[in-house]
Each structure stands twice: as structure tokens, then as C-alpha cells.
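See the structure below:
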């Protein structure tokens, strides 16, 4: 070996670096396989193999001398992780994902802090910068994700917390954190500044997420995903480890791309999102608009309408998840299909609380993915649709976004159910949705309202269709 | 980190960013939830950093309680162990849930459930 490279490393190190290289390649293959549902599973097995190789290889790292705590962490972590993997219901995926962003960020932040404790006085200015990024992103993502998870789980109230001077206070916290960061980059071993940065980072994460309403969660989730990934990438720079840089960057960019897509689907700008000023927009102006009467439809009449329709499109929203109604929708669709009705599902990109949430729920209920349509694909079909059934969705079908330039959600692309020949809206009660906006769809002549819990209403509808 | 290693790392970062953009923009909205879960599991690779930190020093209750510089190795071992725990949870639950979700996406349902 000495003759090949100027500087020689132990053979074990070469083997380890080689496993990391293989792992990096397998990760990319794994993500690439996600471009199609048929190839996805196989690809993810490759990624898992890469991960296993990297972990096992690292256990033989020359710097590891004590195994007790490692084994303890690995075993307890595997048990908790396996419990999550087996028992988390699909409806709870958003809060599970938020929690995992927090866990990933905690790991990155703790590695950063440990690195500072041990090597703080030997680090170069560049490494101190990378370390600062790692710790800042790690800490703010930790608390931000925990707040998001709490809101999604319902342990923290989902309504936005807003007060006077909030933006100014947030700005001050941010500048405080950033000043500590700059100071700790310029000065070696600046413990006070470093721990000040940790504390302010934790605080900033909380402040960043509390003003955000539940309906905006898909954007927040994607953004926190991006931050968690980038903090892992920064860890890679600190430790000089390429596989960490690669995996963290892939994760960071995935989150970033999802954020951009979610923003587009809500007609918000990315700068609006990056500076955390979102969510507030909705609640300032809950314009009432001209009201009319909402017509309620009897269950049996709705059943007959559906039974004799040619084409029915279901439009699910977050209400479907809260009511756990995905199986009930599928049963109704099955009965309709048996009666010769064409059934499709229209999925808005921000329906639910995280990107792709509705697709997973409907897939769980055995809906073949060929029946799930994206917004752009399905919108031209509504004029030829006999009945559009809205299940627990509100803003994503609000025609004001298209027709009323003064609406707070003006310009947001919507699923144009109001162009269907008739619309049935399944809704818990007469109140407004999470955003507090009036929805003119409910007052349109084509629309009929069916109040009640989505799951039991759908089950009764299924029975009514069978006997009709 | 030597300047050359740093430059090489920046190359890796830039290329990974480009590759990530190319690969991930091809993932259909249908699979965005599994994508988030999968990237989460993959970035759990930070586990390898946590492992080295948790296993590099000896944990000793006496020096930990004594405080000061002597306590550092024990403190770092605790922080590293917590990091090993959280990263392992992410790796295991991330890959586990991704697979559980992907299993559900089927082109057709072969056996139409009997009523």
C-alpha cells in the first residue's frame, strides 16, 4: 500500500471507506427506484443493504474502543423503531414523520455538541462553521419538529399562536443565534457563544412553528425534512465523511423540492416559506363573502344519485384521515363499481397534513394506484362527471381560489369539483374549515351537503346504494 | 480537515445536490409520503458518526461527577448514546414504514374482496 499512496492508512480503513462508497451508491439507487411504485420496494431493499453494510463496517472503526453503550443504544433504538414500524397507523404518518425529523436532528445536534466538547479547541475556522450550521439546524429542527408533531397528534392545540411583535421577537432570536454562530466561528473554543447558539436554536425552532396552522403542515413538514437533512450533511463536513454528506444532501434536497412543490400547490412563494411568515395570511382576512343557503340532501337521495351515475370522483381531504374513513370510501366505491359506475379519486398535492398523505391512506384501503389521479390530470374530467364526492376536504376545492382575487387563497390551484354535474359534500358540521374561510362551493346550486361523521355516513351510503 | 479534503467534500456536496434534484424530481406525488420516510431513514446514516462518538471514550461515573475536563469523555459518551438511539429509531422505523407503505401500492387488486 505504501507505494501506492503517499500517506498510508490501515487496511481496515480502506475497507470501511469502500463500504461507505457502496452504501452511497445503493442509497441513490434506492431513491431512484421510488420513481415508480412497481420498482420501489426492490430499490429500497438495496438502500437497506447499503445502510446495514455501513453500520456493520463502522462497528469495526479504529476509534471505537467501548461497545457497551453502543449496543445499548442500538438495541433500544431498534426496539422502539420496530414498534413504530409495526404499529403506527397510516393515519398517524404525519406526526410519526415529524417525530423522525426531530430524532434525526437530535442525533446531528448531539454529534455536533460532542465534537465541540472533545475537539473544540483544535477545529479549523471552516470546521467550526460547518459545526455551527449542523448544531443550529439540528437544534431548531428538533424543537420545531416536536411542536409540529404535537400539533398533528393533537397534544398541542393546532390553532396558530400569534401575538403582537412576534415577527420582531423572532427576528431578534434569529439574529441572536446567528451572532453566536459568527462569534463561535471567529473565536476558537468560544463555549459561551456555542451554548448560547444551542439555546437560541432550540427557542427559535419553537417560535418558528407555533404561529403555523394545521392546514399549512405539508409545507412545514417538507421544510423541516430539508433542515434535518442539511444538518446531517453538515455533520459530514465536520467529520470529513462523504457518505454523510451524500445522504444528508439527498435528504435535504428531497425536503427542499417537496417544499417548493407544496408552495406551488398553495400559491405561496418560497421566500414566504423560508422566512417562516406563512400561516398568518389565512387568518387575517376570513372574508365572509355572499352567503346563501346550504342544501342538505337525504341519504337515500344521495345513494340513488350515486347508484345511477356513470362516473363518480371522490375528493378526499384531511377529514378522511381524522374520521379513519379510507376503508369506508373503498367499500362504497366497490359497490358502485359493481353497479357499473366508473370511480376515480382526485388527490390535491396538499390534501392532508403531509405530501402524499391521501395516496397512502387510499392505498392502505386497497385502492389500486391507477385510480388515484393528480389534480392536473383529473380537472378536465369534471364536466363529464355525474357526481363529485368531497370527503373531508375544504380549501382544496374552494372555488374562491380561482374566482375571487381578493380571497386569501386566491391563485391556489384547486380541484374543480364545482364543474361536475353535481357535488355531494360530506362534512362533519356546518362550520368553516381549518383555515376559517367561507367556501362558496357549499352554496352553489350543484352542491348538496351530507352532514355527519364521514365514516358512518359512507357506511350508511354503501348500504343504501346496495338496496337502491 | 486539510484544504484539499475540504475541496473534495464540496465537490461531493455539489454533485450530490445535483443528483438529488434529478432523482427526486422524478418521484411521483403518489409516493411522496414513502419518499419522505425513505430519505429520513437514509439520512439516519448519521448513526455512523454517533457510533464513533459513543464508543470512543470510557464512561466513568466518578469522573463524570467530578466535573471539569475529566468529565468530558463521559458526557460525550452519554450524548453519543442518545444520538445512537435516535438515529437507530429513524433507520429502523424509516425503512420499516417505507416498506409497509410501498407494499400497499398495487397496480390492481387481484382478488376483489368478497362482500
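Chains as they are written, first to last, in the numbering used here: chain A, 612 to 1079; chain B, 3 to 117. We put the CB at the ideal spot given by N, CA and C, even for glycine. What you are looking at is a predicted structure, and each value in this text was computed from that prediction instead of being measured.
Going by DSSP, name the residue or residues bridged to residue 983(A).
956(A)
Name, please, each residue of chain A whose Cβ falls closer than 7 Å to the Cβ of residue 37(B).
For residue 37(B), the C-beta contacts it makes with chain A under 7 Å involve 645 and 865, in order along the chain.
Of all Cβ atoms in chain A, is any one closer than 7 Å to the Cβ of residue 88(B)?
yes
DSSP state of residue 999(A) mapped onto helix, strand, coil:
strand
With burial defined as no fewer than 16 other Cβ atoms inside 10 Å of the residue's Cβ, what is the status of residue 1005(A): buried or exposed?
buried
For residue 41(B), return the contacting residues in chain A, with the cut-off set at a CB-CB distance below 8 Å.
Within chain A, the residues near residue 41(B) are 642, 836, 840, 861, 862, 865 and 866.
Which whole runs of the alpha helix (DSSP H) in the segment 751-826 of chain A are 4 residues long or more, in chain order?
If we require 4 residues or more, the alpha helix (DSSP H) runs fully inside the segment 751-826 of chain A come out as 777-797 and 802-820.
Which of the three DSSP states is assigned to residue 659(A) in this structure?
The three-state reading of DSSP puts residue 659(A) in helix, counting H, G and I together.
Please decide whether residue 123(B) counts as near chain A, where near means a Cβ-Cβ distance under 7 Å.
This structure gives no information on residue 123(B), because the portion of chain B shown stretches from 3 to 117.
Hey, quick one: how far does the alpha helix (DSSP H) through residue 849(A) stretch, first residue to last?
828-850
Please determine if the segment 931-946 of chain A and the segment 1053-1071 of chain A are in contact, where contact requires at least 3 C-beta pairs separated by less than 8 Å.
yes
Can you list, in chain order, the residues of its chain with a C-beta nearer than 7 Å to that of residue 637(A)? Leave out the 5 residues immediately preceding and following it.
657, 658, 660 and 661
May I ask you to list, following chain order, the residues of the segment 15-29 of chain B that have a beta carbon less than 7 Å from some beta carbon of chain A?
15, 18, 19, 21, 22, 23, 25, 26, 27, 28 and 29
Using three-state DSSP, classify residue 1034(A) as helix, strand or coil.
Collapsing the DSSP output to three states places residue 1034(A) in a strand.
Would you say residue 829(A) and residue 965(A) are within 7 Å of each other, going by their C-beta atoms?
The answer is yes: Cβ separation under 7 Å.
Could you work out which residue in 720(A), 701(A), 799(A) and 723(A) is closest to residue 969(A) when comparing CA atoms only?
Out of 720(A), 701(A), 799(A) and 723(A), 701(A) has the C-alpha closest to the C-alpha of residue 969(A).
Kindly list the residues whose CB is nearer than 6 Å to the CB of residue 820(A), restricted to its own chain and excluding five residues on each side of it in sequence; keep chain order.
755, 758 and 759
Contacts around residue 747(A), its chain only, beta-carbon distance under 7 Å, and the 5 residues preceding and following it disregarded:
Same-chain partners within the cutoff: 788, 792, 808 and 812.
Determine the burial state of residue 1027(A): buried for a count of at least 16 other Cβ atoms within 10 Å of its Cβ, exposed for fewer.
buried
Would you mind sorting residue 667(A) into buried or exposed? The rule is 16 or more other CB atoms within 10 Å of its CB.
exposed
Return the first residue and the last residue of the beta strand (DSSP E) that residue 1068(A) is part of.
First-last for residue 1068(A): 1065-1078, but that is the alpha helix (DSSP H), not the beta strand (DSSP E).
Applying the 10 Å Cβ sphere with the 16-neighbour rule, what's the burial state of residue 64(B)?
exposed
Since I believe residue 744(A) is in contact with residue 92(B) (beta carbons under 8 Å), could you give me their beta-carbon distance rounded to a whole number of angstroms?
That pair is no contact at about 20 Å.
Less than 7 Å between the C-beta atoms of residue 784(A) and residue 763(A), yes or no?
no
So which residues on chain B does residue 1076(A) lean against when the C-beta distance must stay under 7 Å?
Within chain B, no C-beta atom comes nearer than 7 Å to that of residue 1076(A); the closest sits roughly 12 Å away.
Given a cut-off of 7 Å, decide if residue 985(A) and residue 36(B) are closer than it, judged by their beta-carbon atoms.
Going by C-beta atoms, residue 36(B) is not nearer than 7 Å to residue 985(A).
Taking residue 104(B) as the query, report the chain A residues whose CB atoms sit under 8 Å from its CB, ordered along the chain.
Result: 648, 651, 652 and 655.
At 4 residues or longer, and completely inside the segment 52-108 of chain B: list those alpha helix (DSSP H) runs for me, N to C.
63-68 and 70-106
Return no unless some Cβ of chain A is closer than 7 Å to the Cβ of residue 62(B).
no
Is it buried or exposed, residue 879(A), if we count other Cβ atoms within 10 angstroms and call 16 or more buried?
buried
Got a sec, what are the start and stop residues for the beta strand (DSSP E) residue 923(A) sits in?
922-927
How do the segment 734-742 of chain A and the segment 55-70 of chain B stand: do at least 3 beta-carbon pairs fall below 8 Å, yes or no?
The segment 55-70 of chain B and the segment 734-742 of chain A do not touch, with fewer than three beta-carbon pairs separated by less than 8 Å.
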